[in-house]
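Engineer: Numbering (UniProt numbering), first residue to last: 1 to 190.
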Ligand code: AP5
Ligand code: MG
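#1: Measuring alpha carbon to alpha carbon, tell me which residue in 154, 152, 105 and 130 is nearest residue 143.
#2: Cα separation between residue 94 and residue 152?
#3: So the candidates are 22, 145, 33 and 165; which of them puts its Cα closest to the Cα of residue 81?
#4: Can you tell me which of 89, 179 and 185 puts its alpha carbon nearest to the alpha carbon of residue 109?
#5: Starting from residue 79, follow the beta strand (DSSP E) in both directions and report where the run begins and ends.
#6: Using the Cβ count rule (16 or more neighbours within 10 Å means buried), how would you classify residue 45?
#7: Between the beta-carbon of residue 115 and the beta-carbon of residue 170, is there less than 9 Å?
#8: Determine which residues share a DSSP beta bridge with residue 116 and list them.
#9: How big is the Cα-Cα spacing for residue 19 and residue 154?
#10: Regarding residue 53 and the ligand AP5, is the C-beta to nearest heavy atom distance less than 8 Å?
#11: Along the chain, where does the beta strand (DSSP E) containing residue 5 start, and where does it finish?
#12: Report the three-state DSSP secondary structure of residue 136 (helix, strand or coil).
#13: If you draw a straight line from the C-alpha of residue 75 to the C-alpha of residue 58, how long is it?
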């Protein structure tokens, strides 16, 4: 079982590379952003709460996120090949909650893969996606807020996972296949 945190700033390619990892390794996948967008689409209470935060580029409170996480994780059963955590954790309390949740089940994080992409490129990718798919948080003003939240609240987790001994830095620039090749090297060595 290889549980993997795919980590990086907004637009770093977490979702894109998760799709390739699922295809090659048969992993399960939790994208907290996708979960929240589905809740918004379905008009649930959680969705109504989440929308205000997402459209403003802010994080949803930790307690709400942590509750969702364990129930989605358990829905994969106990025999899975590994779960990719995409967009979670984003704060130190979330990283600690994830560790506790996995410990309680006798599981752990095998690797945290940090996709590193310079901000100029992130901005370009997200503005382009905003024009094509119309995600409500892909406009210049909200992207700037998301990048700021990433730098202040989420990036400190790089040191946190370094201390756990599972952090892997991967250059996130190049073609999707080139980047995937770098990720495969990390996963195959686990
Ligand atoms: P979330 O959905 O996780 O969004 P994000 O982190 O801002 O990242 P994105 O999904 O925009 O980017 P990505 O890294 O997946 O890149 P992608 O592959 O799409 O979160 C959204 C919001 O939900 C948060 O702001 C927050 O409010 C809330 N939330 C979520 N999780 C939370 C949590 N744990 N706690 C609290 N709040 C939470 O690629 C981006 C674009 O680039 C695509 O168009 C893609 O086609 C393109 N692209 C990918 N790779 C390349 C490449 N190599 N070259 C060129 N283009 C590329
Ligand atoms: Mg994503």
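Ideal Cβ positions, reconstructed from N, Cα and C, are used throughout, including at glycine. Because the structure is a prediction, the values reported are computed rather than measured.
Structural biologist: Taking the geometry as given:
#1: 130
#2: 15 Å
#3: 22
#4: 89
#5: Counting along the chain, residue 79 falls outside any beta strand (DSSP E), and DSSP gives it neither H nor E.
#6: exposed
#7: yes
#8: 171
#9: 22 Å
#10: yes
#11: 3-7
#12: coil
#13: 27 Å
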